[in-house]
Structures are given as C-alpha cells and as structure tokens.
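One structure is given below, encoded as structure tokens.
Residue numbers (the numbering used here): 30 to 437.
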C-alpha cells in the first residue's frame, strides 16, 4: 500500500563533515547518526571530571589583542564564539562530537521526529548542479502542480544561486504552519522549457520512515524498507508488518540500504519485531555495560528473512542487521556497511544550537564492535553499473528456493 514512496531511498544527504550549516547537517546523515532523545536545554556550564580549568583566560587575552590591533572588521561575537566551540571540539579528534547552528539543529530535530512544516518535497542536486524537486504525493507541492524532476529557479521571486548548499535550499522550503504562510516557487519543467510560478502554503509534512509492499513478481514475498529511525518508525513498521500479515506472505525482505541510522530506542524496537528472545544489543559507556533484550510479541519472528545492506547502511541500521545476522534470522546481501558503532547524545543549547557528544559504544549480540569495521554481508554483491537492483533480485531467488525446499 506504500508503493508511492519507492523512490525515497534515493534521498540521501551529502557526505561531508564541516563547519558550514548545510555541510554539518549532511554529515549527520552520511556518517551515520545514532542518537538518544535530546536531553534538555543546557542553561549553565556543567563541569565534568578531566583536565580543565574554570574559564579561558588566554582566549580572553587573545580577544583583547584583536580588539586593540586587528586591521579589519571582526566577525560577530556569536560567530567567534561558535568558531571557538568548534575549535575546542576539534581537539577531541572525534568527528561525531560536534556543534551545529540553530537553523540546522531545528532541521535535524524535525528529521528525527519525522514531521516538519513545509511544502513536502525532496530536494536533490543533479549532475549539472541544478536543484531538482520531488513532491510527496498528496502534499502541498504536489497539489500546487510541482512535478517530479522540476528544476527550481526562484524562491520568492529571487533567483536561486547555484552555489547555495542543498540543505539551505531545503530550509527555504520550510516554515511555520499558520494562515497565509508559504513560499512562492518558480520552476522549469524537466522535459521542456516551460516554467511555472506558484505560491505553495506551508502544511504539516509527515515523512514516512518505512515503506512496504507485496512483491509483484512473487506474492508470497513481502518487502519492507526502513529509511531511517525516527520517533514514528516503530509504529510505521508495525503497520507494515500487520498489512503484510493480512496479505498472507510467506517470507520477507528487509531493506536497510542507505539507512544512516537515527534514534537508539527506535532501532532496538525495530530489531525486536524480528527476534523472539535474547540480547538485541549491548551498550558500553564510561559507567560500564548493559544489554537490551528482546520482548515477547514481535510481529515478524516466524517469517524467513533476507536482509539488504550497502555502504550507506550505518548506526541503527547496522544494529538491526547485526542482530539479525547473529541470530541467523536470514542471509545478509549487499556490500560491507559503513561502520558506525557509537552513540551520541544531543544537548540543545540555550540559543537554539545543539551539541552532539559521543557517550557510548554498542555491540552486536555476539559482541562484535562495528566502529570503523562495518558489517560483512553473507552474500557480497557488486552493484550493477546500469542501476539494476541485483541485491533484491538475488535475495528474491534465494527466498523462492527456500520456500520451494520447505514445500518438498
């Protein structure tokens, strides 16, 4: 029933880690993100054990000398403060402990919640550097006439600078949902020189994290793809599995390709639907180690499985794939996964920015650590140069053979 979002797996943010707003948010997705829920606004400094002193007198001394002698106009105090924070975090040598500016922090929060105010489009950049739009079915952009592949030319009558980072463009198309709020877009049709200018009102956009269907090539096989782990993922997965159970499938393909992770507990809840008992994941932090166990009532503990992964499978997706592989719930097909086995806590700061701090490392049920190693598939496959989905095809054939063997 969710066929309309088959192409969402093409939506992945760029793979760079840096300082600029769009680049930082992109790193969260490309590097694999694996977070606990945000822990609250930090209103005052919290001093932890370690090698530190109260205050930064040398920094104040440097700023005084700049104020007295620097030739040119200095950046704002806020920009200098942000730069100092990033320099401090850079000294840790941990690319997953980082600081992000307020607009990007809000966007990240929206993504993890799976809901935001906007016009309901995927934003991508093509090989020519143009910004391309893909509207969600039944969303405001689709209802206003935006079509798949439309090239974005103007936002609110202002020409779009081709150098504008993709994530900044995405921010332009979001906003508070209230009367008369929205954005005017001018687009060029993908297959012609025709242009369209239209005002699109903002609305609440619910981005699915799970899509599913019965495979047309074999109605005994169900397919479920988990795109990311948001607060809504466990319920969406339960809806998918219930729907597929009603369709009377006999085996299931679980697609975790290009899933870069998300919320910790939601990842564990997803694994719990496929495993009947035992440890799902172990976590080790500065205070010791603890394990999370499967609970009774998983909706997919009896189906034979095939699991699809690739180099974009990271963090929470590796947790799920690693648990399924350790319990031999099904063969894993594809390429070696990204290798992100640490957990970050998100601390919203008082000005709307946020701080991500690596707080723990996780291990598969068999005790495997995936940081910098990745997960090796059972059946390694080379992606097809023409874009054919060879992993899915091979997994389908293997499940068909398994079902045939069971019938003999």
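C-beta: ideal position from N, C-alpha, C; glycine also. A quick note: this is a predicted structure, and the numbers were derived from the prediction, not measured.
For residue 150, same chain residues with a beta-carbon under 8 angstroms away, outside a window of 5 residues either side, are 162, 163, 164, 165, 168, 170, 175 and 202 in chain order. Counting along the chain, residue 230 sits inside the beta strand (DSSP E) bounded by residues 224–230. Rounded to whole angstroms, the separation of the alpha carbons of residue 179 and residue 406 is 37 angstroms. Its chain contains 328 as the residues whose beta carbon lies nearer than 8 angstroms to that of residue 274, once the 5 sequence neighbours on both sides are disregarded; these appear in chain order. The three-state reading of DSSP puts residue 387 in strand, counting E and B together. Residue pairing from DSSP places residue 409 in a beta bridge opposite 363. Residues 201, 212 and 214 of the same chain have their beta carbon placed closer than 7 angstroms to that of residue 184, with the five preceding and five following residues left out of the count. When DSSP assignments are scanned along the segment 254–287, the uninterrupted stretches of alpha helix (DSSP H) that are 4 or more residues long and fall wholly within it turn out to be 262–275.
In the DSSP assignment, residue 311 forms a beta bridge with 320 and 392.
DSSP, reduced to helix, strand and coil, places residue 333 outside both helices and strands of the structure shown, so it counts as coil. A residue is called buried once 16 or more other Cβ atoms fall within 10 Å of its Cβ, and residue 107, having fewer, is exposed. Excluding five sequence positions before and after residue 198, the CB atoms of its chain that fall closer than 6 angstroms to its own CB belong to 152 and 160, given in chain order. Residue nearest to residue 334 within the set 284, 309 and 258 is 284 (criterion: CA-CA distance). Between residue 111 and residue 127, the C-beta spacing is not below 8 angstroms. Under a 10 Å Cβ-count criterion, residue 85 is classified as exposed, with fewer than 16 other Cβ atoms of the shown protein chains found around its own Cβ. Looking from the CA of residue 210, the closest CA among 301, 228 and 353 belongs to 228. Residue 355 carries a helical assignment under DSSP once its states are collapsed to helix, strand and coil. Counting along the chain, no alpha helix (DSSP H) covers residue 194, and no H or E run does either. Per the DSSP secondary-structure output, residue 127 pairs in a beta bridge with 385. Membership of residue 217 in the beta strand (DSSP E) is indicated by the continuous run 211–217.
A straight line joining the alpha-carbon of residue 380 with that of residue 131 spans about 7 angstroms.
Its Cα nearest to that of residue 343, the residue 400 stands out among 400, 421, 281 and 317. The C-alpha of residue 270 lies about 15 angstroms from the C-alpha of residue 305. The DSSP-derived three-state label of residue 182 is strand.
Here DSSP, grouped into helix, strand and coil, assigns residue 154 to strand. In this structure, residue 363 keeps its C-beta atom at 8 angstroms or more from the C-beta atom of residue 398.
In the structure shown, residue 187 falls within a strand segment according to DSSP collapsed to helix, strand and coil. The way I'd put it, the segment 247–262 doesn't touch the segment 188–197; fewer than three beta-carbon pairs between them come closer than 8 angstroms. A direct Cα-to-Cα measurement between residue 286 and residue 351 gives close to 13 angstroms.
In the DSSP assignment, residue 421 falls within the unbroken alpha helix (DSSP H) covering 419–436. Taken through DSSP and simplified to helix, strand or coil, residue 299 comes out as helix. The beta carbon of residue 244 lies closer than 8 angstroms to those of 250, 251, 252, 282 and 425 in the same chain, with the five residues before and after it left out. Residue burial annotation: residue 158 is exposed, with fewer than 16 other C-beta atoms found within 10 angstroms of its C-beta. Per the coordinates, the alpha-carbon of residue 93 lies some 14 angstroms from the alpha-carbon of residue 100. Closest by C-alpha distance to residue 332, out of 263, 432, 341 and 109, is 432.
It is roughly 7 angstroms from the alpha-carbon of residue 261 to the alpha-carbon of residue 238.
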